[in-house]
Amino acid sequence: MKLLASGTDTFIFWLSWGQNYRLPEDFTARLDAALDEYREEGDAHFLGIHDYMWLWNPLGDDDERCAYEVAQVRPGRKFRWMLMFQGGMFSISLTQPRPTTCKPGQVHAYVEVSGRYMAACARDPMAVVAMFSDTLSYLVGVEPERVQVSRIDLFADVEVDTPLSLDDLGRFVSRARSRSVYLDGSHALGAPAASRGGSHGDPLTGNTGVTRGSLCTRYPPMRYTLLRFTTGGLTGPGFVSAPAIC
115 MKLLASGTDT
125 FIFWLSWGQN
135 YRLPEDFTAR
145 LDAALDEYRE
155 EGDAHFLGIH
165 DYMWLWNPLG
175 DDDERCAYEV
185 AQVRPGRKFR
195 WMLMFQGGMF
205 SISLTQPRPT
215 TCKPGQVHAY
225 VEVSGRYMAA
235 CARDPMAVVA
245 MFSDTLSYLV
255 GVEPERVQVS
265 RIDLFADVEV
275 DTPLSLDDLG
285 RFVSRARSRS
295 VYLDGSHALG
305 APAASRGGSH
315 GDPLTGNTGV
325 TRGSLCTRYP
335 PMRYTLLRFT
345 TGGLTGPGFV
355 SAPAIC
């Protein structure tokens, strides 16, 4: 077994502005109009979101840093608006500004960043927090009073030389998300998958660059589960989010 790579995967955090939480009226009006469209049509988009939020689009023009120009809008479970970008690259949920929500400790923005977007950002949580915090501070008008990490998953991309069976998973898996088996490219069951990343795969699309099969396994970094490892000098139970096979 060989560790090929590791780092931050899914990353969730929230921001609070206390009594200073405000949103531009034209911005909330467009969000509400999009919600009405969503209820009628089942889908709604906010065109020109980059006029209010400058958020880097890693799938944009390679020659310059592009921002997302469109976001899907839908109601959130605990928030009035949820904006989704590029089919789940990340989402931002926002609370409606009103007296009952503009108070200390209230969660005003909830940001969920996918492992694909973290990979594009060099898996640097501090840089990701800084980008979203700066963008949302520009929208609200002031910096947040508090930024709190809600969840951070780690991944381990592991290569195994010998085949593993489904029965082996019970020794490692504590909570599964999704599982896949890939060939490592040394077998003649198919050619490397075509993608932006060619034979090396593409972390932004989740393509590992190898053909799906059932022999030698390689753990794809974008499909993961949770494995339990020893924590060393850390306290409490240790979990890292890692790929797994099906």
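Residues in the sequence shown are numbered from 115 upward in steps of one, following our numbering.
C-beta atoms are modelled at their ideal positions from N, C-alpha and C, and glycine is treated no differently.
Its chain contains A158 as the residues whose beta carbon lies nearer than 6 Å to that of E151, once the 5 sequence neighbours on both sides are disregarded; these appear in chain order. The three-state reading of DSSP puts Y231 in helix, counting H, G and I together. By the neighbour-count criterion, in which a residue is buried when 16 or more other Cβ atoms sit within 10 angstroms of its Cβ, Y252 is exposed. As summarised for the stretch 186-259, the continuous alpha helix (DSSP H) elements at least 4 residues long and confined to that stretch are 229-234, 239-254, given in chain order. CA-to-CA, the gap between I163 and M240 works out to about 24 Å. F125 sits away from V221, with the two beta carbons spaced by 8 Å or more.
Here the alpha carbon of A185 sits roughly 5 Å from the alpha carbon of F199. For A143, the uninterrupted alpha helix (DSSP H) run begins and ends at 139-155, by DSSP. The stretch 130-142 makes contact with the stretch 207-223; the number of CB pairs closer than 8 Å reaches 3 or more.
Residue range 116-130 is occupied by the beta strand (DSSP E) that includes I126.
No Cβ-Cβ contact shorter than 8 Å links F141 with V225. Burial check for P189: the Cβ neighbour count within 10 Å stays below 16, so the residue is exposed. CA-to-CA, the gap between L145 and D281 works out to about 49 Å.
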